[in-house]
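Heads up: the structure comes next, in structure tokens.
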Amino acid sequence: MKTILLGVSGSISAYKSADITSQLTKLGYNVEVIMTTNSTQFITPLTLQSLSKNPVHSNVMEEITPDKINHIELAKKADLFIVAPASANILAKLANGIADDMLSTVALALKEEVPKVIAPAMNTYMYQNPITQRNLATLKKVGYHEIEPREALLACGDFGRGALATVEEIVAKVSEILAK
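Right, here's the structure in full:
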């Protein structure tokens with residue numbers, strides 16, 4: 002059984018991580034969820050734990066067993082790493098090697114050959130911001146795959162590119178990468 006590390010960052014789209022977790026689990030993948038503190042304001046860890054049948058990881062300082070370093074063990078288990086939704090904040094951390102929470106720390110501990118995927122979700126102007134675009138370009142240069150956001154009416158009331166890709170598109174891309 003292949004293990005997917007699903008990172009959930011602070012975006013209104015975080016609620017869709019429940020459906021992503023459910024769909025990937027139904028396809029037979031072992032899904033380990035890593036949440037940022039901000040993401041827990043949008044969806045509870047208990048929801049994702051119930052759907053994944055695994056503990057949810059959010060505190061880099063919490064060690065499940067004293068003889069293992071949790072963020073290193075998670076990284077070693079990964080057959081694929083995906084952040085969906087990926088906020089502008091987590092994109093900046095990943096692009097600049099900042100490891101100050103569980104999600105960004107695990108990302109830095111991944112082996113180079115582990116496929117890495119980001120599915121951005123944010124306001125149109127945040128997505129189009131040259132800094133965000135530079136961070137995306139940096140991540141693509143080091144091998145991250147981007148599942149581009151959709152154009153839609155956003156939670157803030159703006160219309161434009163920034164809505165999380167559909168769950169179906171995300172699940173299909175993950176399955177496609179893992180099939181290679």
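The sequence shown: position 126 = 127 (my numbering), numbered continuously.
Glycine included, every Cβ here is placed at the ideal spot set by N, Cα and C.
Since we're looking at a predicted model, the values are computed, not measured.
For the set Gln-24, Ser-12 and Gly-163, the Cα lying nearest the Cα of Asn-90 is the one of Ser-12.
Residue pairing for Tyr-16: DSSP places it in no beta bridge. Ala-96 sits in a helix when the DSSP states are folded into three classes. Cβ neighbours of Ile-70 within its own chain (closer than 8 Å, five residues either side excluded): Glu-64.
Annotation for Leu-92: Asn-136 place their beta carbon closer than 6 Å to its own, counting only its chain and skipping 5 residues before and after.
Gln-24 sits buried, since 16 or more C-beta atoms from the chains shown fall within 10 Å of its C-beta. Scanning its chain for C-beta atoms nearer than 7 Å, with the 5 sequence neighbours on each side dropped, one finds around Asn-124 the residues Leu-155, Cys-157, Asp-159 and Gly-163, in chain order. When the Cα atoms are used, Leu-104 and Met-36 turn out to be separated by approximately 7 Å.
Asn-31 is bridged by DSSP to Thr-4. Taking the Cβ atoms as the reference, Ile-44 lies roughly 6 Å from Ala-19, within the contact range of under 8 Å.
The three-state reading of DSSP puts Ile-119 in strand, counting E and B together. The beta carbon of Val-32 lies closer than 6 Å to those of Ile-5, Leu-7, Thr-22, Leu-25, Thr-26 and Ser-53 in the same chain, with the five residues before and after it left out. The alpha-carbon of Val-118 is positioned some 30 Å away from that of Pro-67. Cβ-Cβ separation between Ser-14 and Ala-122: approximately 4 Å, consistent with a contact (criterion under 8 Å).
Judged by DSSP secondary structure, Pro-86 falls within the beta strand (DSSP E) whose first and last residues are 81 to 87. In terms of Cα proximity to Leu-179, the closest of Ile-73, Asn-55, Lys-142 and Ile-83 is Ile-83. Residues of the same chain with a CB within less than 6 Å of the CB of Ser-59, apart from the 5 flanking positions on each side, are Met-36 and Met-103 in chain order.
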